[in-house]
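Residue numbers (the numbering used here): 6 to 114.
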């Protein structure tokens with residue numbers, strides 16, 4: 006079994022597509038990334054997005070805005086984004102823990 010890390014750029018692209026009113030899918034991501042990512046990694050990102058559509062820690066990537074900001078502001082934004090990502094991951098771990106507990110409970114009954 007091969008496990009792919011979900012690239013934050015792909016999740017950011019999913020957030021950008023959702024913000025535009027489009028439903029993120031493999032075809033849209035593959036077309037927008039122009040072969041930068043392997044297909045299994047794109048599929049994993051879309052599956053992750055579908056399972057976590059609110060994605061509180063991921064913001065659409067506005068590259069033009071990022072390039073114009075000062076380095077100190079960029080660092081603060083990075084720290085804030087990382088803090089948001091940690092919160093989102095903690096929620097996901099809690100959700101998965103509850104799922105595992107319910108599966109263990111169902112199996113023991």
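Glycine included, C-beta positions come from ideal geometry on N, C-alpha and C.
- With respect to the 8 Å criterion, residue 16 and residue 37 are not classified as neighbours on the basis of their beta carbons.
- In this structure, the beta-carbon distance from residue 22 to residue 33 falls below 8 Å.
- The residues 51, in chain order, have a CB closer than 8 Å to that of residue 30 in the same chain once the five nearest residues on each side in sequence are set aside.
- Note that the C-beta distance between residue 11 and residue 56 is not below 8 Å.
- Counting of Cβ neighbours within 10 angstroms places residue 20 among the buried residues, the total reaching 16 or more.
- Residue 35 and residue 47 do touch by the CB rule: their CB atoms are close to 6 Å apart, below 8 Å.
- Rounded to the nearest whole angstrom, the CA to CA distance from residue 41 to residue 27 is 21 Å.
- Pairing residue 110 with residue 87, the inter-Cα distance amounts to about 34 Å.
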